[in-house]
Amino acid sequence: MNETERELQILQDNYQEENIVTLEWQEHIRRRPGMYIGKLGDGSASDDGVYVLLKEVL
6 MNETERELQI
16 LQDNYQEENI
26 VTLEWQEHIR
36 RRPGMYIGKL
46 GDGSASDDGV
56 YVLLKEVL
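The sequence shown begins at 6 in the numbering used here and counts up one residue at a time.
What follows is the structure, given as structure tokens:
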């Protein structure tokens, strides 16, 4: 068993029900907006999330 496998086993052994966090419906979007709109950039590229949102609206 290599070091990565050992670390994974330790994490799995320590994972309990109390480790699960339930978020409100808006909170998960605020924490991970890139999952919903694509990459978060500074607006300089045409595939930045802000442009994707504008294209969807228009």
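For each residue, glycine too, the CB sits at the ideal point set by N, CA and C.
Next on the checklist: For the alpha helix (DSSP H) containing T9, name the first residue and the last one.
Outcome noted: 8–19
Item to check | CA-to-CA distance, P38 to E32, given in whole angstroms | outcome: 10 Å
Item to check | Where V26 sits in the DSSP three-state scheme | outcome: coil
Item to check | Secondary structure of K44, DSSP reduced to three states | outcome: coil
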